[in-house]
Amino acid sequence: MDESVLLEHHRAALEEFIIIAEERELAQGDEEGGRDGDGARGERESARSTPSPCALPIAALEPPELALGPPAAGSAPAAGAQLSLRALISQRAAVAEHRLCVTASVMLYWVAVSLVPVWNKRVMHATRFPYPIATAMIQLGTVASVLFLSSIVQHYWLDSLLAGSLFGRRWGSRPLRADSLGAHMHGAAGSAAPLLPSSPGGASRHTSLASVPSAAELHYYRETAALAEERSARRSATANYANVGSHGHARAGALPPALAGAHAGAGGGAGAAGSAPPSDAGCPSWVLGPHLCYKLREVAPIGFFFGLKYSLTNLGLMLLPTSTHLLLQGTDILWTVAAALLINRERIGRLELWACTLCSAASTLLSLRVGATLTAPLLPLAVNLASPMLLGLCISTLRLATVELMRTDGPLNGTMSHGELTCFKLILSSLTAALGAMLLEGIFAQSLQALRAHPAAAHAPAAPPFMPGALGVTPAAHGGPGAGAAAHALARPWWTALAELDRSELAGLFGGSALVLIFQVNITWLTHLTSAVTVGLVGGVKIAPQWAFALLFEHKLDVSASNLLGVFLMVVAGTLFTYGRAQRAPRIRAQHAMAGVLGTAGLGGVLGERRGSRDGASAERATGGPPLASSVKKGAT
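Per UniProt numbering: the sequence shown = residues 1 to 637.
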């Protein structure tokens with residue numbers, strides 16, 4: 001669709017929302033004041049000539065590249081045009097920087113997610129340590145310890161060291177993330193409140209960037225906010241500004257963070273944003289800082305799901321060849337999209353739905369191939385297909401946690417870094433994996449001995465010529481004379497086998513923690529920059545680089561017709577998903593901007609009420625107004 005046509009469509013839709021808002025607002029005023037019909041009509045005419053506080057500029061609906069400038073002539077100061085131009089240039093630079101960060105994060109994600117399974121496959125086929133769950137526990141615990149120590153060093157030494165440096169002035173001490181892209185608006189607006197709104201649950205970072213106002217628009221916001229204080233019909237709404245709710249879902253009557261910050265700068269910030277008065281405003285968040293229970297409560301679901309997922313991933317690597325395991329892991333896009341729909345309330349279009357269908361067909365083909373090559377394929381298939389399901393839950397809960405913990409109006413003031421969030425996540429994940437390792441590979445160590453003797457376990461990769469023993473890979477791991485020793489190792493607890501490893505084997509075991517560190521911090525960063533569905537898309541297309549790395553290090557792939565067709569369908573599904581997402585991107589940005597407009601006037605249920613009245617439903621059903629995210633989900637799509 002042409003961009004001009006799309007903009008006209010958005011403008012017409014916003015005008016309809018404003019008309020509905022004014023009609024409802026004046027109707028409430030008539031009921032409260034007991035005015036007669038003639039007086040109501042006269043006040044309605046005068047009110048229509050007065051700028052409505054919910055009549056926000058149309059530029060709030062546009063992406064940064066298509067911003068239309070200040071809304072009303074004369075409402076901005078004399079230097080408003082110059083300020084708006086400078087803000088627009090800075091805003092475009094921020095968008096370009098955001099895209100560069102996303103691109104770098106995606107590339108890093110593909111490299112890390114391709115190397116981790118290849119490395120761990122070799123580690124687990126070592127002669128004396130074939131313990132997949134204990135391997136997950138050791139690597140996750142090592143990464144958590146490194147991040148824990150780095151947070152302490154950063155808090156006591158690094159922050160003060162970089163405070164006066166050029167790096168510190170450019171990025172700020174913390175947090176080094178996309179929320180700092182809107183910091184250029186602070187000086188131009190003269191407001192100390194953060195102007196970049198926190199992303200709603202399921203919204204992409206483009207949505208937040210599209211809502212950054214210019215200096216002229218901030219002046220307009222202040223004027224309309226001051227006017228709203230004087231209008232009797234808005235007394236109840238303006239007296240109690242609702243904050244953005246848990247997990248980023250805005251409640252009915254909530255002001256957007258940009259408008260709330262501008263209103264506070266104008267002297268009306270009695271109800272400024274913030275679910276609780278932020279304590280320790282001058283102290284950035286760190287692992288032993290305040291609100292520890294709050295952090296653990298938000299991170300607990302992610303830690304549990306990631307620990308369980310990583311343990312099952314390593315177990316699946318032990319049961320199947322690397323190439324087949326990677327193919328089955330490529331089905332995670334389906335489960336990530338499903339979890340994003342149910343948990344994050346993200347929406348997908350028709351093309352994206354077809355992409356998920358193709359992904360399901362690809363997973364069916366790969367499962368049939370596994371069933372044809374193994375004598376007892378049920379357990380390997382169940383383990384390798386359960387891991388992608390858990391990944392969908394991991395990404396969706398991670399998205400919720402990043403939105404909640406990194407809110408600039410939250411208890412942490414937006415100072416929580418990606419490394420700190422990853423540290424809490426991996427501490428809980430390592431504890432989850434430790435529980436499984438103690439039970440299955442410690443107290444009941446013989447329970448996995450039958451799995452290790454499975455025919456699929458005989459598919460061990462050949463040792464690379466350039467690393468003959470660095471990873472502990474010996475001929476015994478490939479069914480040679482020492483193959484019985486590997487089976488005998490599982491009869492002992494994992495801590496006994498760990499104590500007997502030599503330096504080269506320990507280097508291979510703990511060396512994989514570096515790849516896990518890169519992957520875990522990067523996936524937190526990518527989830528915060530984008531959305532759960534986007535991370536699922538990136539994960540669905542990762543099969544191509546993963547196969548390339550598997551071919552590079554193992555020199556052997558299962559290139560049967562069903563596997564090749566499955567790979568082709570997954571690549572097509574990822575491409576189709578990307579195209580459909582790109583087509584819907586302007587509409588998604590406009591919808592979330594409209595959600596901010598409706599939330600400004602407390603009109604979360606207006607659109608659903610209008611649609612319900614067309615169907616003959618009673619308008620009283622939406623009087624209270626459902627949560628804003630629900631109303632936009634039902635009506636604005």
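No residue lacks a Cβ here, since even glycine has one placed at the ideal position from N, Cα and C.
If you follow the alpha helix (DSSP H) that residue 295 is in, where does it begin and where does it stop? Note, residue 295: alpha helix (DSSP H), 292–319.
Roughly how many angstroms lie between the CA atoms of residue 332 and residue 95, to the nearest whole one? Counting only the Cα atoms, residue 95 lies some 29 Å from residue 332.
Quick one, are the C-beta atoms of residue 403 and residue 536 less than 7 Å apart? Taking 7 Å as the cut-off, the beta carbon of residue 403 is found no closer than this to the beta carbon of residue 536.
Taking all protein chains shown into account, do 16 or more other C-beta atoms lie within 10 angstroms of the C-beta of residue 256, making it buried, or fewer, making it exposed? In this prediction, residue 256 scores a pLDDT of 40, lower than 50, which makes its location untrustworthy; no coordinate-derived value is stated.
With 7 Å set as the bound, which would you pick, yes or no: does the beta-carbon of residue 542 sit closer than that to a beta-carbon of chain C? The structure shown has no chain C; it contains just one protein chain.
May I have the straight-line CA-CA distance separating residue 112 from residue 527, to the nearest angstrom? In this structure, the alpha-carbon of residue 112 lies about 15 Å from that of residue 527.
How would you call residue 153, buried or exposed, if buried means at least 16 neighbouring beta carbons within 10 angstroms? Answer is exposed; the Cβ neighbour count stays below 16.
Between which residues of its own chain and residue 304 is the CB-CB distance below 6 Å, once the five residues before and five after are set aside? Result list for residue 304: 432, in chain order.
What separation, rounded to the nearest whole angstrom, lies between the Cα atoms of residue 573 and residue 564? In this structure, the alpha-carbon of residue 573 lies about 14 Å from that of residue 564.
Determine, using beta carbons only, whether residue 442 and residue 494 come nearer to each other than 7 Å. Judged by beta-carbon spacing, residue 494 lies within the 7 Å limit of residue 442, meaning their Cβ atoms are closer than that value.
Determine the burial state of residue 530: buried for a count of at least 16 other Cβ atoms within 10 Å of its Cβ, exposed for fewer. Buried.
Supposed contact pair residue 507 and residue 137 - C-beta distance, whole angstroms, cut 8 Å: With 8 Å as the limit, residue 137 and residue 507 do not qualify as a contact, their Cβ atoms being about 18 Å apart.
Quick check: what's the CA-CA separation for residue 132 versus residue 379? Using only the alpha carbons, I get a separation of about 15 Å.
Are residue 401 and residue 298 close, meaning C-beta to C-beta below 7 Å? In contact: residue 401 and residue 298 (Cβ atoms closer than 7 Å).
Of the residues 315, 505 and 283, which one's Cα is nearest the Cα of residue 384? Checking every option, the nearest Cα to that of residue 384 belongs to 315.
Residue 415 to residue 426, Cα distance in whole Å? Distance between the alpha carbons of residue 415 and residue 426 is about 19 Å.
With 16 as the cutoff for other CB atoms within 10 Å, does residue 105 come out buried or exposed? So residue 105 ends up on the buried side.
What is the rounded straight-line gap between the Cα of residue 497 and the Cα of residue 560? Approximately 38 Å between the Cα atoms of the pair.
Any heavy atom of the ligand SAH within a distance shorter than 6 Å of the CB on residue 344? Because no ligand of any kind appears in the structure shown, any question about the ligand SAH cannot be addressed here.
Please classify residue 503 as buried or exposed, where buried requires at least 16 neighbouring CB atoms within 10 angstroms. Exposed, since its Cβ has fewer than 16 Cβ neighbours within 10 Å.
Taking all protein chains shown into account, decide if residue 500 is buried (16 or more other Cβ within 10 angstroms of its Cβ) or exposed. When all chains shown are included, residue 500 counts as exposed.
Straight-line CA distance for residue 492 to residue 293? Rounded to the nearest whole angstrom, the CA to CA distance from residue 492 to residue 293 is 38 Å.
Report the rounded CA-to-CA distance for residue 354 versus residue 576, giving the unit in angstroms. Our two residues, residue 354 and residue 576, have alpha carbons roughly 8 Å apart in a direct line.
Straight-line CA distance for residue 308 to residue 344? When rounded, the distance between both Cα atoms is 21 Å.
Assuming the contact rule is C-beta atoms closer than 8 Å, residue 129 and residue 509 should be a hit. Round their C-beta distance to whole Å, please. Indeed, because the Cβ distance is near 7 Å, the residues count as touching under 8 Å.
CB-CB length for residue 532 against residue 339, believed under 8 Å: Confirmed, about 7 Å.
On a CA-only basis, which of 89, 135, 92 and 306 is nearest residue 521? Give me that one, please. It is 306 whose Cα lies nearest to the Cα of residue 521.
Please say whether residue 110 and residue 545 have beta carbons closer to each other than 7 Å? The criterion of a C-beta distance shorter than 7 Å is satisfied by residue 545 and residue 110.
In angstroms with no decimal places, state the Cα-to-Cα distance between residue 121 and residue 317. Taking the straight line joining both Cα atoms gives about 6 Å.
Simplified DSSP assignment, three categories, for residue 667: No answer is possible for residue 667: it lies beyond the span of the chain, which begins at 1 and ends at 637.
Quick one: using the 10 Å Cβ neighbour count with 16 as the cut-off for buried, is residue 89 buried or exposed? It is exposed - the Cβ of residue 89 has fewer than 16 other Cβ atoms within 10 Å.
If we call anything under 7 Å between Cβ atoms a contact, is residue 519 one with residue 146? The Cβ-Cβ distance between residue 519 and residue 146 does not fall below 7 Å.
How many Å lie between residue 541 and residue 140 at the Cα? Spanning the two alpha carbons is a distance of roughly 25 Å.
Is residue 424 helix, strand or coil by DSSP? DSSP places residue 424 in helix when its eight states are reduced to three.
Where do the N-terminal and C-terminal ends of the alpha helix (DSSP H) with residue 146 fall, by residue? Looking at the DSSP string, the run of the alpha helix (DSSP H) that includes residue 146 is 132–153.
Roughly how many whole angstroms lie between the Cα atoms of residue 288 and residue 311? If I take the Cα positions, the gap works out to 28 Å.
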